[in-house]
Amino acid sequence: MTVVDTTPPPPLPVRDRTAAAERAWGGLSPMLTRLAAEKASGVLVRERGTLYLAEGRVVHAESPLAPGLDTLLTAYGTLTAEAWRDAVARAGDRHGAAQLLLSGGQLAEGALQLCHLGALYDAAYFALAPSSAPGRFRYGVAHRLGPVLPVPVAALERETLRRRDLLHSIWPDPRADSAPLARTRTTAVPKLTVRQQILLERIDGTRTAADLARELGRQAFHTLVDVRRLASAGLVAPLKAEADTGPTEAEADAGPAEAETGPPTPGITAGTAETTAPHTTARTADTTDPHVTERIRYTTDPHITLLKRLRDALEAL
Amino acid sequence: MPGIDECLLEAMRLPGARGAALVDWTSGLALGTVGESPGGDHETTAAEAAELARLAAEHGAFAAADPGGERPPVEDLIVSNRDSYHLLRFVDTPFDSSVFLHLWLSRAEGNLALARIRLGEMAARLVLG
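Just so you know, the protein sequences line up as chains A and B, in that order.
Just add 26 to the spot in the first sequence (first one is 1) and you have the working numbering.
Just add 1300 to the spot in the second sequence (first one is 1) and you have the working numbering.
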C-alpha cells in the first residue's frame, strides 16, 4: 500500500464582509441592479411606475402618481399640447420626440433637460417604492421620447433613498402622501410661501397629493414636501385619520428594538397578517378594506419593507 | 442652445472657478456637476446649498417688494469665506421648478462681480436658448 502524501487542504475562502453587505443589500430593486450590471435596454414595469433603460442607464421614468413630462411642460404654456402630441406622433426609431422638439426650436435644450431630469427622478421615486408585486422587464422596448440625459441606476437609487429620508425628517407620517387631504382648523397659522398658499387653497377633502401635483403642473415629490410641511404645521391632515390611527401607531412602535426582544408583539403580528391578506385579493375584488390596502401599499414600516424586498429578491432569482 | 453640461462648463471658464453645479432646492438633488466641490462630494454640497437656497427663497425678508407671481423671489445669494466665494443664482424657468446654479470661486483669482453677471446670463440662456 502506498502512502499518498496529500497536499494540505486549500484555505477556506474568507468572505469579504463589505462586498457581502453590498450584495445582500441589492439596491432598492435587485432586478434593476442586475439589469444595470448587464447593461440592458428595455422597460422595467413595477407596481407603481415604469423605468426605461438604455444600456443599463435610466433614460425615462413614468408613474401614475407623478405628472408626466408633458403635463409639466404644458401646464405653464412652455409648450402647447398640440406641439407635444405632434412630436410624439412623428417620433420614430431614428429621432425621438425630444430631438424633434429641440430641432423644431420649440424648446431650449437646457429647459428640456431640466424638466426631463426633474420628471425622471420624480417618477422614479414612486416606481422604486417598496412594492407588493415583482417587477417585469421587457427587453428592447424604447420610449418615444428618445434619449435626453441618461441617469445611472446607482445615482437614482441613492437619490430615492435620500428623498425618503427627507420626507421622513419633515413629518414622519406617510399617510398624507396618498390619502385625500383635508384642511384642519388651527389658531396659529404660520407664514406660508406663495407656493404653499396656492396648494393649500386647492385642498378640499377629495384630492390627493398626486392629484394636486397634476393640477398645478408641479413635480409630485415637490408637492409631497409641501404637503408634509403643511401637515407638520397642523394645517393639513389625511382624511379618515381616526380609523387609521390605532394600527399605524402599532406598526410605528414595532421598531428594531422590539424585534430583538424575541416573540413578536401583537402589533407586528397584526401588521404582517394584514400585509399578506390584501395582496392576494387586491387585484380581483374590491371587497378588501381600501384603507388597509392603501396603507400597506405606501407603508415605510421597516419590517414590511424588508419582507417585501425579500420576496422581490426571491422572485427575481 | 446650451444644455446643462455646456452651461456648467461655461461657468467653469470664469476666472477662479473651482466647481459648479445645477441643484434643485426643494429636493437637494444635483442635476449636474462639474469640477471640484468643497467637501469632495458634490451630492452633500448640493443638499447643503439647497437648504440655504430654500431658506433665502422662502423667507419674506429677502423677497423683492413686487412678488412677481411664481418667479423666484431671490435673484442670487453670495457667501464668502477666507478662501472662496459661493455664488448661487436662481434659475427662472418657464415651467414649475426650483433650481439654482451654484458656482464655487477661488477668492484669490475669482472676480465676484464678473461672475455674478455672467452666471445670470448663463441661467437665462440655459432655459431660453
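Glycine included, each C-beta is placed from N, C-alpha and C at the ideal position.
Given the structure is predicted, the values throughout are model-derived calculations rather than measurements.
Please list the partners that residue i has in chain B, where partner means a Cβ-to-Cβ separation under 9 Å.
i              : result
H248 (chain A) : D1324, T1326, S1327, D1396, S1397, S1398
T118 (chain A) : Before going further, note that residue 118 (chain A) is Gly rather than Thr in the sequence given. Chain B residues near G118 (chain A): none, gap ~22 Å exceeds 9 Å.
R189 (chain A) : S1327, G1328, L1329
L98 (chain A)  : F1395, D1396, S1397
Quick one: list the residues of chain A neighbouring residue i, beta-carbon separation under 7 Å, in chain order.
i               : result
P1302 (chain B) : E135, G136
L1331 (chain B) : L140, L143
E1358 (chain B) : T219
Kindly say whether residue i, judged by its beta-carbon, lies nearer than 8 Å to any beta-carbon of chain A.
i               : result
V1379 (chain B) : no
D1392 (chain B) : no
G1429 (chain B) : yes
Closest to residue i by C-alpha separation, out of the options, would be which residue?
i               : options                            : result
R1382 (chain B) : B:E1409, B:L1426, B:D1396          : B:E1409
A87 (chain A)   : A:Q245, A:K334, A:Q132             : A:Q245
S158 (chain A)  : A:L58, A:A62, A:R74                : A:R74
L265 (chain A)  : A:M57, A:I229, A:V84               : A:I229
A214 (chain A)  : A:G260, A:R184, A:E183             : A:G260
P1373 (chain B) : B:S1380, B:V1379, B:F1362          : B:F1362
A235 (chain A)  : A:R255, A:A115, A:V84, A:D338      : A:R255
A1320 (chain B) : B:S1384, B:E1351, B:N1411, B:L1401 : B:L1401
P160 (chain A)  : A:G68, A:G53, A:R72, A:R60         : A:R72
A66 (chain A)   : A:P176, A:L79, A:S55               : A:L79
A153 (chain A)  : A:H121, A:H329, A:L187, A:V220     : A:L187
A263 (chain A)  : A:A181, A:T232, A:L242, A:H142     : A:T232
I1304 (chain B) : B:A1330, B:Y1385, B:E1375          : B:A1330
L225 (chain A)  : A:L242, A:A63, A:T212              : A:L242
H248 (chain A)  : A:Y151, A:R211, A:A205             : A:Y151
P206 (chain A)  : A:P176, A:Y147, A:V179, A:D237     : A:D237
T331 (chain A)  : A:T33, A:G53, A:G144               : A:G53
A92 (chain A)   : A:T32, A:G144, A:A123, A:T104      : A:G144
A180 (chain A)  : A:A109, A:S55, A:R337, A:A149      : A:S55
The alpha helix (DSSP H) spanning residue i covers which residue range?
i               : result
E108 (chain A)  : 107-116
Y102 (chain A)  : Segment: none, Y102 (chain A) is in no alpha helix (DSSP H) and carries neither H nor E.
L146 (chain A)  : 135-153
D237 (chain A)  : 235-242
T186 (chain A)  : 179-196
D73 (chain A)   : It is Glu, not Asp, that sits at residue 73 (chain A) in the sequence shown. Where E73 (chain A) is concerned, there is no enclosing alpha helix (DSSP H), given that its DSSP letter is neither H nor E.
G1420 (chain B) : 1412-1428
Looking at chain B, is there any beta carbon in it that lies within less than 8 Å of the beta carbon of residue i?
i              : result
A101 (chain A) : yes
T104 (chain A) : yes
G243 (chain A) : yes
Y78 (chain A)  : no
V251 (chain A) : yes
E185 (chain A) : yes
L54 (chain A)  : no
L333 (chain A) : no
Y147 (chain A) : yes
G94 (chain A)  : no
A285 (chain A) : Its pLDDT being 37, under 50, A285 (chain A) is placed unreliably by the model, and the measurement read from it follows with that caveat. Not an interface residue.
Which residues of chain A have a Cβ atom closer than 8 Å to the Cβ of residue i, listed in chain order?
i               : result
L1426 (chain B) : A134, G136, A137, L140
Could you give the residue range of the beta strand (DSSP E) that holds residue i?
i               : result
Y1385 (chain B) : 1384-1391
A208 (chain A)  : 207-209
I1378 (chain B) : 1376-1380
L1401 (chain B) : 1399-1406
F163 (chain A)  : 162-165
L86 (chain A)   : A quick correction: the sequence has His, not Leu, at residue 86 (chain A). Here the beta strand (DSSP E) through H86 (chain A) covers 83-88.
V262 (chain A)  : 262-264
T1344 (chain B) : Element bounds for T1344 (chain B): not the beta strand (DSSP E) but the alpha helix (DSSP H), 1342-1358.
Please compile the residues from chain A whose C-beta is within a distance smaller than 9 Å of the C-beta of residue i.
i               : result
G1420 (chain B) : Here the premise fails: no neighbours, minimum Cβ distance about 14 Å.
For residue i, return the contacting residues in chain B, with the cut-off set at a CB-CB distance below 7 Å.
i              : result
L261 (chain A) : Under the 7 Å cutoff, chain B gives no residues; its nearest Cβ is about 15 Å from L261 (chain A).
Report the neighbours of residue i on chain B: residues whose CB is nearer than 8 Å to its CB, in chain order.
i              : result
L171 (chain A) : Within chain B, no residue comes near L171 (chain A); the closest Cβ sits about 15 Å away, beyond 8 Å.
L192 (chain A) : S1327, G1328
> Can we say the segment 110-121 of chain A touches the segment 193-209 of chain A, given the rule of at least three CB pairs closer than 8 Å?
Replying inline: No, they do not touch.
>> Would you call the segment 133-143 of chain A in contact with the segment 1384-1401 of chain B, where contact means no fewer than 3 C-beta pairs closer than 8 Å?
In response: Using a Cβ-Cβ distance cut-off of 8 Å, the segment 133-143 of chain A and the segment 1384-1401 of chain B are in contact, since at least three pairs of beta carbons, one from each stretch, lie closer than that value.
> For the 8 Å Cβ check, are there 3 or more pairs between the segment 1345-1361 of chain B and the segment 1324-1336 of chain B?
Replying inline: Yes: at least three Cβ pairs fall under 8 Å.
> Three or more beta-carbon pairs under 8 Å between the segment 166-180 of chain A and the segment 114-128 of chain A, yes or no?
Replying inline: With a cut-off of 8 Å, the segment 114-128 of chain A and the segment 166-180 of chain A count as touching, because enough Cβ pairs lie within range.
> Does the segment 207-222 of chain A touch the segment 89-107 of chain A, meaning 3 or more C-beta pairs lie closer than 8 Å?
Replying inline: At 8 Å Cβ cutoff, the stretches do not touch.
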